[in-house]
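**Student:** Throughout, the numbering used here is defined as the position within the sequence shown, counted from one, plus 302.
Heads up, the beta-carbon is just placed ideally off N, CA and C, and yes, glycines get one too.
Keep in mind that this is a model prediction, so the values were computed, not measured.
Please read through the structure below; I'll follow up with questions.
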Amino acid sequence: MKIPIPQNINPAQAIRRCGYGLVGDRRAREQSFSRRMGSGFYPRFHIYIEGGFFNLHLDQKQASYEGANKHSGEYDGETVEREAERIRRTLENSQGNNNTSEIKEKKSGGWFSNLFR
303 MKIPIPQNIN PAQAIRRCGY GLVGDRRARE QSFSRRMGSG FYPRFHIYIE GGFFNLHLDQ
363 KQASYEGANK HSGEYDGETV EREAERIRRT LENSQGNNNT SEIKEKKSGG WFSNLFR
């Protein structure tokens, strides 16, 4: 399922705000992120950044045949649609809260330096 990436945001930062972590696969040609649905490695939501879209799918299990690096994923369905809507809402809410860098700039030095002000 393709989700449009809002303009003027960093896609990698935005998807991390949605609870996704970078997938460390040296063989992959594209950067991807995943979010686990439970305590195990699978099932998980998996996202690729492609052009101006997040390409979301649900990995139910690891590839079950030797030598394979790809497997089937669910690109639609109720579970994927709910996750896509959650991501859209999070992105919309985070666009209005882009002043966090301004707040961090004002709070320089950490808690220890505040003891001596």
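Give the secondary structure of E404 by DSSP, where H, G and I count as helix, E and B as strand, and everything else as coil.
**Tutor:** Low confidence applies here, because E404 scores a pLDDT of 41, under 50, leaving its location unreliable; read the following figure in that light. E404 falls in the helix class under three-state DSSP.
**Student:** Counting beta carbon pairs with one atom in the region 307–316 and one in the region 346–364, are three or more of them shorter than 8 Å?
**Tutor:** Because the criterion of three Cβ pairs below 8 Å is met, the region 346–364 and the region 307–316 touch.
**Student:** Label K304 either buried or exposed according to how many other C-beta atoms from any shown protein chain fall within 10 Å of its C-beta, with 16 as the threshold for buried.
**Tutor:** exposed
**Student:** Using alpha carbons as the reference points, say which of V382, G321, K363 lies closest to F343.
**Tutor:** K363
**Student:** Which whole-angstrom value is the C-beta distance of I307 and I349, which I expect to be below 8 Å?
**Tutor:** So it is not a contact: roughly 11 Å between Cβ atoms.
**Student:** Measuring only the C-alpha atoms, how far is C320 from T392?
**Tutor:** If you draw a straight line from the Cα of C320 to the Cα of T392, it is about 6 Å long.
**Student:** Can you give me the Cβ contacts of Y322 inside the same chain, cut-off strictly under 8 Å, excluding the 5 residues immediately before and after it?
**Tutor:** F335, S336, R337, F347, I349
**Student:** Tell me the rounded alpha-carbon separation between Q333 and E383.
**Tutor:** C-alpha separation (whole angstroms): 22 Å.
**Student:** With 16 as the cutoff for other CB atoms within 10 Å, does E385 come out buried or exposed?
**Tutor:** buried
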